[in-house]
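The structure appears below as C-alpha cells.
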Amino acid sequence: MEGIVYLGEWLERRADGLLRKPKGWTECVGCDPEDPWGFVPDEYIEGAEVLFHYQNPGEYEEAGQRCVDPLGRNKWVSEPDRNRPLIGPTGYEFDRNYLPLARLERGKNVSVSNTLRCRFKGQDGKRNNNMPSSSTLYQATLHCTQAHFKPPESTRLIVAGGEHAWNHLTGGAPGTVSEWRGYTVSGFGVRSVSEEVKDSGPEVRGRTHYGSLPILATFHLALLGRDPKMVIPTKRDFAKIPLILRGEWPKPLPACFRPRTEDDLVKLHDWFDVAECAERVTLDTEYLEDSNDFIYMIGIGYKDESKIIHGIQLWRTKACKEVIAAFINRLWNLTKRVPMTCQNLVADVNAMQTNFRMGWDHYFLLHDTMQANTVLWSSPRSSTVSGT
0 MEGIVYLGEW LERRADGLLR KPKGWTECVG CDPEDPWGFV PDEYIEGAEV LFHYQNPGEY
60 EEAGQRCVDP LGRNKWVSEP DRNRPLIGPT GYEFDRNYLP LARLERGKNV SVSNTLRCRF
120 KGQDGKRNNN MPSSSTLYQA TLHCTQAHFK PPESTRLIVA GGEHAWNHLT GGAPGTVSEW
180 RGYTVSGFGV RSVSEEVKDS GPEVRGRTHY GSLPILATFH LALLGRDPKM VIPTKRDFAK
240 IPLILRGEWP KPLPACFRPR TEDDLVKLHD WFDVAECAER VTLDTEYLED SNDFIYMIGI
300 GYKDESKIIH GIQLWRTKAC KEVIAAFINR LWNLTKRVPM TCQNLVADVN AMQTNFRMGW
360 DHYFLLHDTM QANTVLWSSP RSSTVSGT
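Quick note: the sequence shown uses numbering that gives the first Met the number 0, first residue 0, plus one each step.
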C-alpha cells in the first residue's frame, strides 16, 4: 500500500494519487465529512531560509502529478510525483523561470506551503479551485494553520504569493497585495502552531509566532498569464530575495549621487523601492547659487528607528528626476499609510511642480513644516495664483 508518514501518522495514497487526510480533518468546516481524500501537505526543507506561501492545491497537486513542458509550447505532460504544492503548470514556471532568479532550487534550499491543504467541492460535488463563503474560508484557514503550518526554524523570509496568502500572513492590516507588491512587512496574522500557543487562551493565541519575519508581497504566478505586464516586476521581486537575506537591499547611496551607468540606475531604483515602505517621508530641494542648480533631498524614517533618518541627495539629472517623480507619484496613491513632509514648501513650490510633476491639489496631502496653514500655490491648470 502506497502512502507517506505525516507527523507520525501513516497516510494512505489511493491508486488515483489522492492522499488520505490526517486525523482531525473532520474538525475542518471546509471538508466534506464523507470524503477523507485529497490532502496535499506542505513541502518543508530543513535549513531552508525562504518559504513561499501560496493559496491552495490544484488538481495536479491533489493527484500527485507533476507538469512538464518538454517542447516549450505549453503542451503539458504529466509525470508521477508526490503530493506537494506547486507542481502544476504554475509550479513548472515557478521552478524553471522564477526560483533561479532568487538563487534557489526546489527540494534543496526552499520551502513551499499553501494556506489550505485541500480543494473545496462545488455544488455539483466535484472538487474545484473556487473559494467558499468568507466564513467557511476563514474557519478552514484557521484549522489548516493550527494543524499544519509549521515553517522550519531556519526560515528567515516568507514570500506571500497572491491575495489569500497575503491576507493569511498579515491579517490584511497593511493593505492589498497590489499596494504592497515588492515590499516587506511583519507578519500580523500568522498564528503559531506551537503547543504552547495552541493550548493557550485567545489573548495568547492571537499573537504572531513568526511576526519578526519579513513577509514579501508578490502576485500569484497564475495571475501573470492573464496580466503579462506584471511578469517583469514579479521577476524583479524574486531577484530581490538574495539581497534581502544578505541585508543588502537597498544598497546605501553616496550624497549627491549622480547615476552614470545602468548599474547606478538599478541602485537608485532599489533605494526608492525601500523608501516606499517608510513610515514617513520628507522632501526638500536646495538651490546651489554657485552652480545655478538644485539638489534634491529625500529623507525616510521607520517607526522602530525613531532617531534615525535615511536620506539621499541627488543632482538634477534627467534620470534622477524621472525616478523621483515616479516615486512621489506612487506615494500619492499610498498617502493613507505614508505621511509626507515638505521643508518650506513655499520656497520649493516651483521646483516641486517643474521637476516632480506635483500639482496644486497635491499640497493637501502634505505636511509643510514652515507654512502649516497658509501657502500660495500656482495652479498648473491656469495662470492664476490661489490661496488656501
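Where is the CB? At the ideal position from N, CA and C, for every residue including glycine.
Note down the Cα distance separating residue i from residue j, rounded to an integer number of angstroms.
i, j, result
"N55", "C117", "7 Å"
"P84", "K149", "15 Å"
"A99", "D347", "A small fix is needed here, since residue 99 is Pro in this sequence, not Ala. One C-alpha to the other measures close to 45 Å."
"G63", "P79", "6 Å"
"E60", "E261", "41 Å"
"E92", "G181", "19 Å"
"E162", "A146", "22 Å"
"R190", "L136", "Caution is warranted here: a pLDDT of 42 is assigned to R190, below 50, making its placement in the model unreliable, and no coordinate value can be reported."
"F256", "K266", "10 Å"
"I240", "G298", "24 Å"
"C143", "L6", "14 Å"
"S153", "G71", "35 Å"
"W9", "V322", "56 Å"
"R12", "G87", "19 Å"
"G2", "R65", "17 Å"
"D94", "I243", "20 Å"
"G106", "L287", "56 Å"
"S290", "A274", "29 Å"
"M296", "I231", "29 Å"
"S132", "L141", "14 Å"
"T316", "P69", "48 Å"
"M229", "L264", "20 Å"
"P151", "E26", "25 Å"
"G29", "L212", "29 Å"
"M339", "L220", "33 Å"
"W179", "L50", "18 Å"
Please state whether DSSP places residue i in a helix, a strand or coil.
i, result
"T89", "helix"
"T175", "coil"
"V322", "helix"
"K239", "helix"
"K266", "helix"
"Q312", "strand"
"K159", "Contrary to the premise, residue 159 reads as Ala rather than Lys in this sequence. Strand at A159."
"F148", "coil"
"V14", "Position check: residue 14 holds Ala in this sequence, whereas Val was assumed. Here A14 sits in coil by DSSP."
"E8", "strand"
"T233", "helix"
"E285", "strand"
"N328", "helix"
"L115", "coil"
"E78", "strand"
"P227", "helix"
"S110", "strand"
"R279", "strand"
"T143", "With the sequence shown as reference, residue 143 is identified as Cys, and Thr is not the correct amino acid for it. Reduced to three states, the DSSP call for C143 is helix."
"A388", "Given that the chain is displayed from residue 0 to residue 387, the structure contains no residue 388 and the question cannot be resolved."
"A346", "helix"
"L103", "coil"
"K120", "strand"
"A216", "strand"
"R95", "helix"
Taking all protein chains shown into account, decide if residue i is buried (16 or more other Cβ within 10 angstroms of its Cβ) or exposed.
i, result
"T175", "exposed"
"M0", "exposed"
"T89", "buried"
"I327", "buried"
"G124", "exposed"
"A164", "buried"
"D15", "exposed"
"G160", "buried"
"G246", "exposed"
"N349", "exposed"
"T353", "exposed"
"R225", "exposed"
"V39", "buried"
"T169", "buried"
"T217", "buried"
"N166", "buried"
"G57", "buried"
Tell whether a beta-carbon distance below 8 Å holds between residue i and residue j.
i, j, result
"F293", "T281", "no"
"V111", "D41", "yes"
"R155", "E45", "no"
"L222", "T183", "no"
"Y97", "K234", "yes"
"P258", "A318", "yes"
"R19", "P32", "no"
"S158", "H52", "Sequence inspection shows Val at residue 158; the Ser mentioned does not correspond to that position. Contact flag set, yes."
"N129", "G121", "yes"
"F237", "A101", "yes"
For a cutoff of 8 Å on Cβ pairs, would you count residue i as touching chain D?
i, result
"G16", "This model lacks chain D altogether, as it is built from one protein chain only."
Ordered list of alpha helix (DSSP H) runs contained in the stretch 24 to 74, each at least 4 residues:
Fully enclosed alpha helix (DSSP H) runs of 4 or longer: 58 to 62.
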